[in-house]
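K.L.:
Sharing a structure here in structure tokens format.
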Amino acid sequence: MNNSALSIGETRAGSVCVVTLAGRIDSSNANDVMAALTRLITAGEKSILVDLGAVLYLTSAAFRALLVATDEAERQAARFALCSLAGHVRELFEMGGLTEVFAIHESREDALRQLG
Amino acid sequence: MREVELRIGSEMAEIGTLRDALDALAAELGIGMRPLMQLQVALDEVVSNLIKYAWDDGGRHEILVRIRAGADQVELEIVDDGRAFDPLAAPAPEPPPAGKRPRPGGLGIHMVKQLVDQFAYERIAGRNHTRLVKSCAVGAIGGRKEE
Chain B
566 MNNSALSIGE
576 TRAGSVCVVT
586 LAGRIDSSNA
596 NDVMAALTRL
606 ITAGEKSILV
616 DLGAVLYLTS
626 AAFRALLVAT
636 DEAERQAARF
646 ALCSLAGHVR
656 ELFEMGGLTE
666 VFAIHESRED
676 ALRQLG
Chain X
40 MREVELRIGS
50 EMAEIGTLRD
60 ALDALAAELG
70 IGMRPLMQLQ
80 VALDEVVSNL
90 IKYAWDDGGR
100 HEILVRIRAG
110 ADQVELEIVD
120 DGRAFDPLAA
130 PAPEPPPAGK
140 RPRPGGLGIH
150 MVKQLVDQFA
160 YERIAGRNHT
170 RLVKSCAVGA
180 IGGRKEE
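In structure tokens form, the structure reads like this:
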């Protein structure tokens with residue numbers, strides 16, 4: 566699998582686990598995002614923030630991964646939010662009709678104020 | 040007119056080959072970042088849909104992708120020998136039941152319709168030909184830097 570296009574990083578900010586995605590999330594690697602997020606949720610993380618600020622684009626496969634993670638977080642009573650959508654990434658969420666579906670924060674700082 | 044022809048096997052991991060080729064051509068020809076990203080998403084949606092649904096024998100099939108760049112547009116033609124499928128006839132995603140999250144079925148094709156300027160389909164001699172055209176400046180100086 567060619568994953569050079571995507572990097573997945575994890576850091577902690579107080580009680581919040583911040584997952585930083587960078588690059589492109591497409592059909593060849595969206596399952597890696599899903600696996601990383603569901604692993605954190607099933608490991609008992611109760612606040613997960615996905616920072617999309619360095620994402621160039623994402624496809625419907627990525628939306629599927631984020632929807633699955635949102636459902637899983639709900640089942641485990643964990644909070645799951647997204648932040649820092651750049652211009653054309655936000656446009657893709659809008660095209661998919663998904664801006665209302667996720668908890669989306671303007672910036673990481675805003676998100677941490679509400680989640681932390 | 041510049042044309043590049045690519046052949047990949049029907050496996051998700053091979054989508055990276057298309058992505059890299061389109062990136063390289065965009066860098067070479069000077070295609071802006073925004074149209075490039077939109078083409079990348081549209082190409083991924085069409086090809087991944089084929090890989091998931093076009094064949095049911097579990098075998099490896101070939102998908103041909105032609106990228107044609109003119110002065111003011113980029114055309115992607117995707118050719119496969121899978122079952123006949125007209126993506127333009129695919130229904131829009133169903134609105135989710137009240138209080139439920141949407142499921143992403145059909146979402147990709149719905150996005151493609153918004154991402155490109157022309158989206159056409161023909162079945163020719165037992166093959167699907169899906170054509171995507173994006174109008175955009177090709178050869179713009181510093182095109183990769185624009186947003």
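Sequence lines, in order, name chains B and X.
Going by this note's numbering, the first sequence opens with residue 566, and the numbers climb by one from there.
Going by this note's numbering, the second sequence opens with residue 40, and the numbers climb by one from there.
Glycine included, each C-beta is placed from N, C-alpha and C at the ideal position.
These numbers come from a predicted model, not from an experiment.
#1: With a 10 Å radius around its C-beta and 16 neighbouring C-beta atoms as the bar for buried, classify residue 638(B) as buried or exposed.
#2: When the cut-off is 7 Å and only beta carbons count, does residue 660(B) lie next to chain X?
#3: Hey, does residue 80(X) have any beta-carbon neighbour from chain B nearer than 7 Å?
#4: Verify the CB distance criterion: does residue 567(B) have a CB-CB separation below 7 Å to chain X?
#5: Taking Cβ-Cβ distances shorter than 8 Å, what residues in chain B pair up with residue 29(X)?
#6: What number of angstroms, rounded off, separates the C-alpha of residue 120(X) from the C-alpha of residue 158(X)?
#7: Mind checking residue 132(X): buried by the 16 CB within 10 Å criterion, or exposed?
#8: Expressed to the nearest angstrom, what Euclidean distance is found between the alpha-carbon atoms of residue 670(B) and residue 649(B)?
#9: Determine the closest residue to residue 676(B) out of 598(B), 652(B), 644(B), with distance taken between C-alpha atoms.
#10: Can you find a CB in chain B that lies within less than 7 Å of the CB of residue 52(X)?
#11: Alpha carbons only, please: which of 147(X), 114(X), 102(X), 167(X) is nearest the one belonging to residue 56(X)?
#12: Listing by chain order, which chain B residues have their CB less than 7 Å from the CB of residue 84(X)?
#13: So, with DSSP's three-state summary, where would you put residue 679(B)?
#14: Report the rounded CA-to-CA distance for residue 146(X) versus residue 168(X), giving the unit in angstroms.
#15: Using only CA atoms, which one of 674(B), 660(B), 655(B), 626(B) lies nearest to residue 598(B)?
#16: Does residue 146(X) get closer than 7 Å to chain B when you measure Cβ to Cβ?
#17: Closer than 7 Å, Cβ to any Cβ of chain X: which residues of the region 590–607 of chain B, in chain order?
#18: Report the neighbours of residue 570(B) on chain X: residues whose CB is nearer than 7 Å to its CB, in chain order.
#19: Let's see if you can read the secondary structure: which residues bound the alpha helix (DSSP H) around residue 155(X)?
#20: On a Cα-Cα basis, can you pick out the residue from 575(B), 590(B), 653(B), 600(B) that is closest to residue 612(B)?
#21: Does any residue of chain B have a CB that is nearer than 7 Å to the CB of residue 202(X)?
#22: Helix, strand or coil, according to DSSP, for residue 59(X) in the structure here?
P.N.:
Quick answer:
#1: buried
#2: yes
#3: yes
#4: Its pLDDT being 45, under 50, residue 567(B) is placed unreliably in this model, and the coordinates cannot settle the point.
#5: What is shown of chain X runs 40 to 186, which leaves residue 29(X) out entirely.
#6: 19 Å
#7: buried
#8: 7 Å
#9: Among 598(B), 652(B), 644(B), the Cα nearest to that of residue 676(B) is on 644(B).
#10: yes
#11: 102(X)
#12: 624, 625
#13: helix
#14: 20 Å
#15: Per the Cα distances, 626(B).
#16: yes
#17: 591, 592, 593
#18: 55, 58
#19: No alpha helix (DSSP H) contains residue 155(X), which DSSP labels as neither H nor E.
#20: 575(B)
#21: Residue 202(X) lies beyond the stretch modelled for chain X, which goes from 40 to 186, so this question has no answer here.
#22: Residue 59(X): helix per DSSP, three-state reduction.
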